[in-house]
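**Q** If you want this note's numbering, it's the position in the sequence shown, counting the first as 1, plus 423. A single structure is presented below for examination.
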Amino acid sequence: MNILPKPQKYVEYSETADFSKIHWNFIGNKDSRIVNECNRISRDNKDGILVNIEIGNTDEESYSLKISKNGADIKSSGINGAFYGVQTLKLLLNTYGDTLNCCEVEDKPDMKYRGFYHDVTRGKVPTLDTLKALVDKLAMYKQNSLQLYIEHTFEFKEYAFCLDKFGYLTKAEILELEKYCDERFIELIPSIATFGHLYELLNNEKYNHLSEMPNLDSPNHYWEDRMIHHTINPTLEESFEVVKSLIDQYLEVTHSDKFNICCDETFDLGNGVNKGKDKAELYVSFVTKLINYLQSKGKTVMMWGDIILQHPERLKDIPKGVIMLNWEYQKNPDEGKAIKFKECGITQIMCPGTTSWCGFSEDVEVEENNIVNFIGYGFKHGALGALNTNWGDYGNLASITSSEYGILLGASISWNHQTVADGDFRKLASKIIYGNQVVVDAMALISSVRGVCYWVSLVVDRHDKIEAENYINAISVCKKASEMVSNANFYNDNIKREIINAIDGYAVVADLRAVRDGYTIECYVDYKKWYNEFVTLWNLRNKPSELNEACRILDYWNNKR
Numbered sequence: 424m425n426i427l428p429k430p431q432k433y434v435e436y437s438e439t440a441d442f443s444k445i446h447w448n449f450i451g452n453k454d455s456r457i458v459n460e461c462n463r464i465s466r467d468n469k470d471g472i473l474v475n476i477e478i479g480n481t482d483e484e485s486y487s488l489k490i491s492k493n494g495a496d497i498k499s500s501g502i503n504g505a506f507y508g509v510q511t512l513k514l515l516l517n518t519y520g521d522t523l524n525c526c527e528v529e530d531k532p533d534m535k536y537r538g539f540y541h542d543v544t545r546g547k548v549p550t551l552d553t554l555k556a557l558v559d560k561l562a563m564y565k566q567n568s569l570q571l572y573i574e575h576t577f578e579f580k581e582y583a584f585c586l587d588k589f590g591y592l593t594k595a596e597i598l599e600l601e602k603y604c605d606e607r608f609i610e611l612i613p614s615i616a617t618f619g620h621l622y623e624l625l626n627n628e629k630y631n632h633l634s635e636m637p638n639l640d641s642p643n644h645y646w647e648d649r650m651i652h653h654t655i656n657p658t659l660e661e662s663f664e665v666v667k668s669l670i671d672q673y674l675e676v677t678h679s680d681k682f683n684i685c686c687d688e689t690f691d692l693g694n695g696v697n698k699g700k701d702k703a704e705l706y707v708s709f710v711t712k713l714i715n716y717l718q719s720k721g722k723t724v725m726m727w728g729d730i731i732l733q734h735p736e737r738l739k740d741i742p743k744g745v746i747m748l749n750w751e752y753q754k755n756p757d758e759g760k761a762i763k764f765k766e767c768g769i770t771q772i773m774c775p776g777t778t779s780w781c782g783f784s785e786d787v788e789v790e791e792n793n794i795v796n797f798i799g800y801g802f803k804h805g806a807l808g809a810l811n812t813n814w815g816d817y818g819n820l821a822s823i824t825s826s827e828y829g830i831l832l833g834a835s836i837s838w839n840h841q842t843v844a845d846g847d848f849r850k851l852a853s854k855i856i857y858g859n860q861v862v863v864d865a866m867a868l869i870s871s872v873r874g875v876c877y878w879v880s881l882v883v884d885r886h887d888k889i890e891a892e893n894y895i896n897a898i899s900v901c902k903k904a905s906e907m908v909s910n911a912n913f914y915n916d917n918i919k920r921e922i923i924n925a926i927d928g929y930a931v932v933a934d935l936r937a938v939r940d941g942y943t944i945e946c947y948v949d950y951k952k953w954y955n956e957f958v959t960l961w962n963l964r965n966k967p968s969e970l971n972e973a974c975r976i977l978d979y980w981n982n983k984r
């Protein structure tokens, strides 16, 4: 019997206990959130095995769990710790069923801040039920923070012109989600684009004059331009007023004492109407105005650290109290970034990634090294914690389900930095997430051919032609991975469908790329059946959002046959 995140101390015994019926007994602080969570696991039954939960009055996160043949004892001097003890019991029951081995657990987190960051802007807007299901998983993995990346997918009045076109989350949904998070000891932290990545806003006639590069005539697909263009002109007072309006509207529905202003990837800055001006000064001046405004409202400001790191001499000019989100997504991440923030006395949070963007699933081979090493650098250099990111570049085709190994890995490393992502970890994670030991290994197989099955090459259509043998091999690898998953048992049939569709999606892309390059390749996937399943699964967990654009691209290349 095993647990993830890995406890600091775990001892297992040969005796077993029957948890088919549970009688919950609360000692001390009977916090309603913990009572509700226990009842979600199992309604209280006076004839069931006794589970004592001793709860203190602090916010301490450490806990102990002891399972004997007569029952279980969860103890913590803090409400948070008691909740995490319940989550450990819940994970064991979900993974191994009602009969559990007796054991003793002593546990506490290595990092204070343990968060997950999910893109709800670039192609796919989840339903509220999907987001709630994500929160339940994050709670069981002992995460304590969630951020949603938002550009135009919230009902801002400034984006009224495009809300129905791309889909959005309503004010009522964010309020309900925040309440749902709070019930599970997760802080929903607002995060919106306020400087770069303002494509829909600045592409609109009403606001185009606020752009650093107004009237930009770009040949790129808009999924690409959302990332590389459309930075707001920071020298205009109107720019600040518009951004301030976005902030104020989001503050109405979120109540965290933190706010992420993003301010990353301001690629256009100083290359348009402000050409020739000091880029560092342009950046620091505008960011400082945003920070001061939010600090005046009692908020702790978070922001991505990539741009200011390009001007390290200006780190001292960032207002005190800001938390820098230090991101890095390479397989071999740069430790120097963590060192630089530490040397400057700036609080940082390490932000690796699931690498699920630009495809149908995560890239296991890249994310393992990235997540383990980058969070490890943070622990070494005194970072506040980790914020594991799940972006949606180029249409966000990957489901949350097909990114969940990275989610659990990030949660595990931030809880216990000594966790090793080896073959045993993969199998245990796969068992906990999916109900079998093969899915993560199947995803790892796909990593070896992900470049050949590169979805982005169909979106932008400017990648070099490759040899037919590469496509044949990639489809063969996908078939092997698909068969591994097809023959496995899952907790949930819809999750199985999503994983198979993701793997087969890579084979479809390889097939369509081969068509583009003039090859006729035999593919094991029935395109029409796969396509219909892709649409069905998208709509099962998400709003329509930008499904039509993904389908248009698929149809375009399929019609080239």
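Here a beta-carbon is modelled for each residue, glycine too, at the ideal position from N, C-alpha and C.
Is the CB of Y486 under 8 Å away from at least one CB in chain C?
**A** Here there is only one protein chain, and chain C is not present.
**Q** For S822, which option in K722, L554, F442, C767 has the closest C-alpha, if you only look at C-alpha atoms?
**A** Along the sequence shown, read from residue 1 onward, the residue named residue 822 stands at position 399. Comparing Cα-Cα distances from S822 to each of K722, L554, F442, C767, the minimum goes to L554.
**Q** The alpha helix (DSSP H) with Q718 in it runs from where to where?
**A** Counting from one through the sequence shown, the residue named residue 718 turns up at place 295. Element bounds for Q718: 702–719.
**Q** Rounded to the nearest angstrom, what separates Y645 and S443 at their Cα positions?
**A** Position 222 of the sequence shown, counted from the start, is the residue given in the question as residue 645. Position 20 of the sequence shown, counted from the start, is the residue given in the question as residue 443. The straight-line gap from Cα to Cα measures roughly 53 Å.
**Q** Give me the residue from N715, L810, G728, N962 with the minimum Cα distance to V610.
**A** For the purposes of this step, residue 610 is identified with residue 187 of the sequence shown, where counting begins at 1. The question names Val, but residue 610 is Glu in the sequence shown. Closest by alpha carbon: L810.
**Q** Beta carbon of T723, beta carbon of K667: below 8 Å?
**A** By one-based count along the sequence shown, residue 723 stands at place 300. By one-based count along the sequence shown, residue 667 stands at place 244. No. Outside cutoff.
**Q** What span of residues does the beta strand (DSSP E) with N749 cover, start to end?
**A** Here residue 749 refers to the residue found at position 326 of the sequence shown. Where N749 is concerned, the enclosing beta strand (DSSP E) stretches over 746–750.
**Q** Return the chain-ordered list of same chain residues with a C-beta closer than 7 Å to the C-beta of D454, the five sequence neighbours on each side being excluded.
**A** If you number the sequence shown from 1, residue 454 lands on position 31. Taken in chain order, the residues that qualify are I478, I502.
**Q** Counting only runs that start and end within the stretch 783–831, where is the alpha helix (DSSP H) found for 4 or more residues in a row?
**A** You should have 787–803.
**Q** In this structure, what does DSSP give as the bridge partners for A761?
**A** On the sequence shown, position 338 is the one that residue 761 refers to. Paired residues: none, contrary to the question.
**Q** Should the stretch 514–526 be regarded as contacting the stretch 782–795, the criterion being three or more beta carbon pairs within less than 8 Å?
**A** With the cut-off at 8 Å, the stretch 514–526 and the stretch 782–795 do not touch.
**Q** Please state whether the Cβ-Cβ distance between P735 and Y752 is less than 8 Å.
**A** Taking the first residue of the sequence shown as position 1, residue 735 is located at position 312. Taking the first residue of the sequence shown as position 1, residue 752 is located at position 329. For P735 and Y752, no; Cβs fall outside 8 Å.
**Q** Spatial neighbours of S485 within its chain, please: C-beta separation below 6 Å, excluding the five flanking residues on both sides.
**A** Mapped onto the sequence shown, residue 485 falls at position 62. The answer, listed in chain order, is G504, K531.
**Q** If you run the structure through DSSP and keep just helix, strand and coil, what is W878?
**A** Along the sequence shown, one-based indexing puts residue 878 at 455. Coil.
**Q** Counting only the same chain and skipping the five closest in sequence on each side, list residues whose C-beta sits under 6 Å from that of V710.
**A** Walking along the sequence shown from the start, residue 710 turns up at place 287. Hits under 6 Å: C686.
**Q** Can you tell me whether DSSP reads S909 as helix, strand or coil?
**A** In the sequence shown, the residue the question calls residue 909 occupies position 486. Helix.
**Q** Go to E890, then tell me how far its beta strand (DSSP E) extends in each direction, as first and last residue.
**A** To locate residue 890, count along the sequence shown from 1; it is residue 467. E890 -> no beta strand (DSSP E), and no H or E assigned at all.
**Q** By the DSSP assignment, the beta strand (DSSP E) with S491 in it spans what residues?
**A** Working through the sequence shown from its first residue, we reach residue 491 at position 68. It spans 486–491 - the beta strand (DSSP E) in which S491 sits, taken as one unbroken run.
**Q** Report, in whole angstroms, the separation of the C-beta atoms of V958 and C946, which I expect to be a contact under 8 Å.
**A** The count along the sequence shown starts at 1 and reaches residue 958 at position 535. The count along the sequence shown starts at 1 and reaches residue 946 at position 523. Not confirmed; about 19 Å, so no contact.
**Q** Going by Cα to Cα distance, which pick from K803, G808, H804 is closest to M725?
**A** Position 302 of the sequence shown, counted from the first residue, corresponds to residue 725. Considering only alpha carbons, the answer is G808.
**Q** For the alpha helix (DSSP H) that C461 lies in, which residues bound it at each end?
**A** Sequence index remark: in the sequence shown, residue 461 carries index 38 (1-based). Note, C461: alpha helix (DSSP H), 455–464.
**Q** Going by DSSP, what residues sit across from Q771 in a beta bridge?
**A** Taking the first residue of the sequence shown as position 1, residue 771 is located at position 348. Looking at the DSSP assignment, Q771 forms a beta bridge with M747.
**Q** Going by DSSP, name the residue or residues bridged to H446.
**A** Position 23 of the sequence shown holds residue 446. L473.
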